[in-house]
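All remarks here apply to the structure that follows.
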Amino acid sequence: MDYVVVSGDTIQITFPGLIIPPIAAPLPLVGTGIHKASGQIVCVVGDEYPVAIRSMVPYTKGSFVTPGSGKIWLTLAPQHQTQKTKCGGKPLLLKGGTLQAKFIAMTPAMQPSPAGPVPDPVPVVSGTAQFITRNTKVRAA
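Residues in the sequence shown are numbered from 608 upward in steps of one, following our numbering.
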(Lines of atoms letter the chains of each structure in order from A and count residues from 1; the text may use other names and numbers.)
(Lines give C-alpha, C1' and ligand atoms only; values in the text may rest on other atoms or scores of the structure.)
Protein backbone atom coordinates (compact mmCIF):
# COMPACT_ATOMS: atom_id res chain seq x y z
CA MET A 1 0.00 0.00 0.00
CA ASP A 2 1.18 3.48 -0.82
CA TYR A 3 -0.13 7.03 -0.91
CA VAL A 4 -2.62 7.88 -3.65
CA VAL A 5 -1.55 10.66 -6.04
CA VAL A 6 -4.19 13.41 -6.31
CA SER A 7 -4.88 16.58 -8.31
CA GLY A 8 -2.40 19.28 -7.37
CA ASP A 9 0.40 16.81 -6.66
CA THR A 10 3.42 17.12 -8.93
CA ILE A 11 5.84 15.05 -10.96
CA GLN A 12 9.55 15.87 -11.17
CA ILE A 13 11.25 14.61 -14.33
CA THR A 14 15.03 14.65 -14.79
CA PHE A 15 17.19 13.89 -17.81
CA PRO A 16 20.95 14.19 -17.13
CA GLY A 17 22.63 16.55 -19.58
CA LEU A 18 19.43 17.85 -21.19
CA ILE A 19 17.85 21.24 -20.72
CA ILE A 20 14.09 20.91 -21.20
CA PRO A 21 12.44 24.18 -20.10
CA PRO A 22 8.90 22.75 -19.56
CA ILE A 23 10.24 20.33 -16.91
CA ALA A 24 12.65 22.69 -15.12
CA ALA A 25 10.30 22.67 -12.12
CA PRO A 26 7.92 19.96 -10.89
CA LEU A 27 4.77 19.83 -13.02
CA PRO A 28 1.28 19.81 -11.47
CA LEU A 29 -0.92 16.80 -12.11
CA VAL A 30 -4.63 16.97 -12.86
CA GLY A 31 -6.67 13.99 -11.72
CA THR A 32 -9.41 12.57 -13.91
CA GLY A 33 -10.71 9.97 -11.46
CA ILE A 34 -14.29 10.08 -10.24
CA HIS A 35 -13.41 9.81 -6.55
CA LYS A 36 -11.58 12.03 -4.09
CA ALA A 37 -8.80 11.44 -1.56
CA SER A 38 -7.80 14.09 0.96
CA GLY A 39 -10.42 16.35 -0.66
CA GLN A 40 -8.81 16.21 -4.12
CA ILE A 41 -9.72 14.23 -7.25
CA VAL A 42 -7.59 11.10 -7.53
CA CYS A 43 -5.14 10.60 -10.38
CA VAL A 44 -5.54 7.46 -12.47
CA VAL A 45 -3.24 5.83 -15.01
CA GLY A 46 -2.81 8.32 -17.84
CA ASP A 47 -2.79 11.34 -15.52
CA GLU A 48 0.99 10.98 -15.06
CA TYR A 49 1.41 13.10 -18.21
CA PRO A 50 0.83 16.79 -17.35
CA VAL A 51 -0.44 18.97 -20.19
CA ALA A 52 3.04 20.54 -20.61
CA ILE A 53 4.55 17.23 -21.78
CA ARG A 54 1.69 15.61 -23.70
CA SER A 55 3.14 16.90 -26.95
CA MET A 56 6.65 17.66 -28.18
CA VAL A 57 8.94 19.65 -25.88
CA PRO A 58 11.99 21.74 -26.79
CA TYR A 59 15.45 20.74 -25.59
CA THR A 60 19.13 21.64 -25.80
CA LYS A 61 22.17 19.69 -24.69
CA GLY A 62 25.69 20.98 -24.01
CA SER A 63 27.12 22.50 -27.19
CA PHE A 64 23.93 21.64 -29.10
CA VAL A 65 22.46 25.07 -28.37
CA THR A 66 20.01 25.37 -31.26
CA PRO A 67 16.88 23.79 -29.78
CA GLY A 68 15.48 20.54 -31.03
CA SER A 69 12.27 18.86 -29.90
CA GLY A 70 11.23 15.50 -28.65
CA LYS A 71 8.76 13.43 -26.68
CA ILE A 72 8.89 12.31 -23.06
CA TRP A 73 7.77 8.78 -22.21
CA LEU A 74 7.18 7.53 -18.66
CA THR A 75 7.10 3.89 -17.60
CA LEU A 76 4.85 3.04 -14.66
CA ALA A 77 5.97 0.05 -12.63
CA PRO A 78 3.50 -2.01 -10.58
CA GLN A 79 4.47 0.05 -7.50
CA HIS A 80 3.11 3.22 -9.18
CA GLN A 81 -0.44 1.95 -9.73
CA THR A 82 -3.03 0.10 -7.73
CA GLN A 83 -3.40 -3.58 -8.46
CA LYS A 84 -6.76 -4.05 -6.71
CA THR A 85 -8.42 -0.64 -6.38
CA LYS A 86 -9.89 0.88 -9.54
CA CYS A 87 -11.60 4.20 -10.28
CA GLY A 88 -13.74 4.29 -13.39
CA GLY A 89 -12.09 1.02 -14.42
CA LYS A 90 -8.56 2.45 -14.23
CA PRO A 91 -5.86 1.87 -11.61
CA LEU A 92 -5.07 4.80 -9.31
CA LEU A 93 -1.59 6.34 -9.38
CA LEU A 94 0.52 5.70 -6.28
CA LYS A 95 3.55 7.62 -5.04
CA GLY A 96 5.76 4.54 -5.46
CA GLY A 97 9.47 5.08 -5.98
CA THR A 98 11.41 6.31 -8.97
CA LEU A 99 9.79 5.98 -12.42
CA GLN A 100 11.80 5.35 -15.55
CA ALA A 101 11.64 8.15 -18.10
CA LYS A 102 12.82 8.33 -21.69
CA PHE A 103 13.33 11.33 -23.96
CA ILE A 104 13.26 10.66 -27.69
CA ALA A 105 14.42 13.50 -29.93
CA MET A 106 12.22 13.81 -33.01
CA THR A 107 14.07 16.87 -34.29
CA PRO A 108 17.65 16.92 -32.97
CA ALA A 109 19.20 19.93 -31.27
CA MET A 110 21.98 21.39 -33.39
CA GLN A 111 25.54 22.47 -32.71
CA PRO A 112 26.54 25.51 -34.77
CA SER A 113 29.76 25.08 -36.77
CA PRO A 114 31.46 26.88 -39.69
CA ALA A 115 30.69 23.88 -41.92
CA GLY A 116 27.00 24.01 -41.00
CA PRO A 117 24.89 22.77 -38.10
CA VAL A 118 25.76 19.41 -36.55
CA PRO A 119 22.82 17.37 -35.17
CA ASP A 120 22.80 15.84 -31.71
CA PRO A 121 23.99 12.25 -32.35
CA VAL A 122 22.19 10.76 -29.32
CA PRO A 123 18.43 10.81 -29.97
CA VAL A 124 17.38 8.78 -26.90
CA VAL A 125 18.20 9.76 -23.32
CA SER A 126 17.15 7.84 -20.19
CA GLY A 127 16.05 9.68 -17.10
CA THR A 128 13.96 9.39 -13.98
CA ALA A 129 10.77 10.83 -12.55
CA GLN A 130 9.00 10.80 -9.22
CA PHE A 131 5.61 11.76 -7.92
CA ILE A 132 5.59 14.37 -5.16
CA THR A 133 2.38 14.08 -3.17
CA ARG A 134 0.86 16.17 -0.40
CA ASN A 135 -1.51 13.34 0.47
CA THR A 136 -0.26 11.75 3.69
CA LYS A 137 -3.52 10.07 4.71
CA VAL A 138 -5.09 8.01 1.93
CA ARG A 139 -3.37 4.82 0.78
CA ALA A 140 -4.48 2.13 -1.64
CA ALA A 141 -3.27 -1.20 -3.01
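Think of the CB as a built atom: it goes at the ideal place given N, C-alpha and C, for glycine as much as any other residue.
Asked: C-alpha gap between Thr667 and Ile620, whole angstroms; Found: 16 Å
Asked: Beta bridge counterpart(s) of Thr743 as assigned by DSSP; Found: DSSP output for Thr743 lists no bridge partner at all.
Asked: Inter-stretch contact (C-beta, 8 Å, three-pair minimum) for the stretch 678 to 686 and the stretch 635 to 649; Found: no
Asked: Residue range of the unbroken beta strand (DSSP E) whose run includes Thr799; Found: Only positions 608 to 748 of the chain appear in this structure, which leaves residue 799 out of reach.
Asked: Exposure of Pro719, with buried meaning 16 or more beta-carbon neighbours within 10 Å; Found: exposed
Asked: CB of Thr714 within 7 Å of CB of Gly675, strictly; Found: yes
Asked: Within 7 Å, strictly: CB atoms of Leu625 and Val729; Found: no
Asked: Pairwise C-alpha distance: Ala716 and Tyr610; Found: 38 Å
Asked: Pro698 to Val652 span [Cα, whole Å]; Found: 6 Å
Asked: Leu649, buried or exposed, once every other Cβ within 10 Å from all chains shown has been counted against 16; Found: Sequence check: residue 649 is Val here, not Leu. The residue is buried, with at least 16 neighbouring Cβ atoms inside 10 Å.
Asked: Val658 in three-state terms, based on DSSP; Found: helix
Asked: Assigned secondary structure, Pro674 (DSSP; H/G/I helix, E/B strand, else coil); Found: strand
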